[in-house]
Structure formats: structure tokens, C-alpha cells
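Undergrad: In case it helps, my numbering puts the sequence shown at residues 578 to 838. Idealized CB from N, CA, C, for every residue including glycine. Given the structure is predicted, the values throughout are model-derived calculations rather than measurements.
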Amino acid sequence: MSQTEQFVKPAVLITGGAVRLGRAIALDLAQQGFDIALHYNSSETAAAETAELIRSYQVQCELFQHNLAHVEGLEMLVQNVKRKFPHLGVLINSASSYKQTSILETSPEIFDTQMATNLRAPFFLTQAFAKVCQTGNIINIIDNKIGFNQYHYSAYLLAKKSLAEFTKMASLELAPHIRVNGISPGVVLPAESRSPEYLAWRVQAIPLKKQGSPSHITQTIFYILENSFVTGQIFTIDGGESIATVGLNTGNFPAGNPNKE
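Here you go:
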């Protein structure tokens with residue numbers, strides 16, 4: 578990362594950084610010399626293990642626990658991170674809540690949970706970051722499904738589509754001192770519950786005919802951080818899946834349950 582090495586690396590606050598994609602992002606950034614403020618909610622053991630690995634790369638890492646559904650504590654979270662890391666300069670909204678329900682099956686509780694984690698928390702964390710840091714970068718992790726309407730993900734997709742629009746809105750309002758961009762991953766880190774048949778079906782609909790990896794997402798993060806003339810963009814990293822012919826990838830798995838038996 579020659580260009581990355583040419584600027585002073587800011588500390589990075591990553592929400593949902595203890596597991597899955599958030600963890601992978603945190604580890605890749607740490608390997609490139611970024612100090613990490615690792616947020617988690619309930620994954621305390623995983624967070625501690627991730628932090629230990631991050632520190633093995635000779636960078637600083639501190640853990641910050643908070644339930645993102647509790648909006649009243651979000652500004653304090655950012656303030657606490659800034660206190661520990663005066664050079665805080667990047668916020669990555671990676672935490673996500675994923676619930677498969679149709680419109681008819683969506684209860685007010687499900688709706689509120691999806692909105693709280695996937696939209697409200699990034700909104701108010703962005704607000705807090707802008708107040709506390711004044712300059713820097715915000716990167717929202719979205720979903721390539723915002724490119725189409727998949728059945729039975731109504732509240733989740735509505736929140737993620739709204740997050741994409743908010744990314745553009747915030748990029749205008751916070752310019753020129755804070756850049757705001759989004760990344761919409763495709764099949765890069767499937768849930769362990771997904772069956773081989775389901776994954777093969779998904780890959781069949783991807784023009785590049787392969788599954789991605791978390792490194793494809795972190796490569797995009799490095800690009801955003803290095804390119805100071807980029808803001809308000811949603812980078813779809815999905816091998817072309819979301820622009821493929823409508824069919825396989827936009828409906829539900831034809832064999833039924835996408836999970837392992």
C-alpha cells in the first residue's frame with residue numbers, strides 16, 4: 578500500500594468489529610498500520626481475541642462496548658474513542674442486523690430493530706463523528722441487494738437502501754472536511770449456515786463466476802482512504818451480481834431452504 582504509507586494514518590473506529598466482515602476489515606487495516614477502536618455489542622470473547630490479534634501487528638487497539646440500538650449513548654461512544662485516540666479520523670459503520678421477513682410477517686419490533694442497527698445508528702454515529710472530529714472519512718457498509726428488490730427482506734432492505742441515500746446526503750452536507758462513501762458487498766463472507774447448494778446457485782448468477790472475499794472490501798476501503806477526490810459514492814463489490822440479468826440472484830432460492838439441514 579505505497580500510497581497509504583504516504584499520509585499519517587488515522588485511528589479507525591469500526592462498529593461490529595469483533596466478528597465476520599467487521600473483524601476482517603479491522604485485521605487488514607491493522608496489518609497496514611492503522612490503530613483500531615473496535616466496537617462490539619455482545620461478542621465480548623470474540624472482541625478480546627480480535628483485539629489481541631490486532632495488537633500483534635504492533636498497533637494500538639481498544640475495545641468499546643455499546644448496544645447500537647441505544648441511540649442516546651452514540652455520541653458518548655465517539656467521544657470516548659476520541660479521548661483514547663486523539664488521531665481518530667475514520668468511522669466504518671460495519672455493524673448490521675439481518676432479518677429475513679416478508680412485509681406481511683414484519684412486526685413493529687422487527688422493523689424497529691432493523692432500522693435501529695442498519696440506519697439510525699450509522700446516522701447518529703455520523704453526526705457524532707462530525708461533531709467530535711471535524712475532519713476525516715466515513716465509510717458505510719451497505720449491501721449489494723440495494724440494487725434490486727429481493728423478496729422477504731423488506732425491513733432490512735428498506736434500511737440499507739435508506740443508508741445508501743443517507744451516504745450521499747451526508748457527503749454533501751459534511752463536505753469539504755469529511756468525505757462519506759459506501760461499500761455494497763455481494764457474496765464475500767456468507768453465513769456459515771448457508772448450504773453448498775445455495776452458494777453454488779448464487780455464484781452461477783455472478784458474471785465473474787466466483788465468490789468474493791473480505792479482502793476485496795478492504796481493497797476498496799484503502800482506495801477510498803487514499804483518494805481524496807472521492808465522496809458520495811457507493812462502491813458495489815459483487816462481481817457484477819447486482820447488474821446481471823434479472824432472475825437467479827433477485828429471487829429466492831428455488832430449492833427451498835438456503836441453509837444446511
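1. Check E639 in the structure and name its three-state DSSP category.
2. Evaluate the contact criterion for the stretch 747-760 versus the stretch 773-787: three or more CB pairs, one atom per stretch, below 8 Å.
3. Looking only at its chain, what residues have a beta carbon closer than 7 Å to the beta carbon of P552, apart from the 5 residues adjacent to it on each side?
4. Does the Cβ of V589 have 16 or more other Cβ atoms within 10 Å, making it buried, or fewer, making it exposed?
5. At what residues does the alpha helix (DSSP H) containing Y733 begin and finish?
6. Considering only residues of the stretch 752-797, which uninterrupted alpha helix (DSSP H) runs meet the minimum length of 4 residues and lie entirely inside it, listed in chain order?
7. Going by the CB atoms, is the gap between V648 and L668 shorter than 9 Å?
8. For A821, is the classification buried or exposed, using 16 other Cβ atoms within 10 angstroms of its Cβ as the cut-off for buried?
9. Hey, is the stretch 712-720 in contact with the stretch 800-815, meaning 3+ C-beta pairs nearer than 8 Å?
10. So for A588, helix, strand or coil by DSSP?
11. Using a Cβ-Cβ cutoff of less than 7 Å, which residues in the same chain neighbour G817 once the five nearest sequence positions on both sides are dropped?
12. Under 8 Å, with one C-beta from each stretch per pair, do the stretch 671-680 and the stretch 730-744 reach the 3-pair mark?
13. Between which two residues does the beta strand (DSSP E) harbouring L665 extend?
14. By DSSP's criteria, A614 is part of a beta bridge. Which residues make up the other side?
15. Does G713 come out as helix, strand or coil in the three-state DSSP assignment?
16. Using the Cα positions of K661 and E769, report the straight-line distance between them to the nearest angstrom.
17. Are there 16 or more other CB atoms within 10 angstroms of the CB of N695, so buried, or fewer, so exposed?
TA: On the basis of the coordinates in this document:
1. Locating residue 639 in the sequence shown gives position 62, counting from the first residue. If DSSP states are grouped into helix, strand and coil, E639 belongs with the strands.
2. Because the criterion of three Cβ pairs below 8 Å is not met, the stretch 747-760 and the stretch 773-787 do not touch.
3. The requested residue 552 does not occur in the structure, where the chain is confined to residues 578 to 838.
4. Here the question's residue 589 lines up with position 12 in the sequence shown. V589 is buried by the Cβ-count criterion.
5. Mapped onto the sequence shown, residue 733 falls at position 156. Under the DSSP assignment, Y733 falls in the alpha helix (DSSP H) whose first and last residues are 731-751.
6. Listed in chain order, the complete alpha helix (DSSP H) runs (minimum 4 residues) inside the stretch 752-797 are 773-781.
7. The sequence position of residue 668 within the sequence shown is 91, counting from 1. The sequence position of residue 648 within the sequence shown is 71, counting from 1. It is not a contact, given that the beta carbons lie outside the stated cut-off.
8. Looking up residue 821 in the sequence shown gives position 244. The residue is buried, with at least 16 neighbouring Cβ atoms inside 10 Å.
9. The stretch 712-720 is in contact with the stretch 800-815.
10. Counted from its first residue, the sequence shown places residue 588 at position 11. It is a strand residue.
11. As a first step, residue 817 is located in the sequence shown; it is residue number 240 there, counting from the start. For G817, where only same-chain residues beyond five positions count, the Cβ hits under 7 Å are I783, P784, L785.
12. Judged by pairs of C-beta atoms under 8 Å, the stretch 671-680 touches the stretch 730-744, as three or more such pairs exist.
13. As a first step, residue 665 must be located in the sequence shown, where it is residue number 88. Per DSSP, L665 belongs to the beta strand (DSSP E) from 665-670.
14. Residue mapping note: residue 614 aligns to position 37 of the sequence shown, counting from 1. Bridge pairing for A614: L590, E639 [DSSP].
15. Taking the sequence shown and counting its residues from 1, one reaches residue 713 at position 136. When secondary structure is reduced to three states using DSSP, G713 falls in the strand class.
16. Sequence index remark: in the sequence shown, residue 661 carries index 84 (1-based). Sequence index remark: in the sequence shown, residue 769 carries index 192 (1-based). Between the C-alpha atoms of K661 and E769 there is a straight-line separation of about 35 Å.
17. Against the sequence shown, residue 695 aligns to sequence position 118. Buried, since its Cβ has 16 or more Cβ neighbours within 10 Å.
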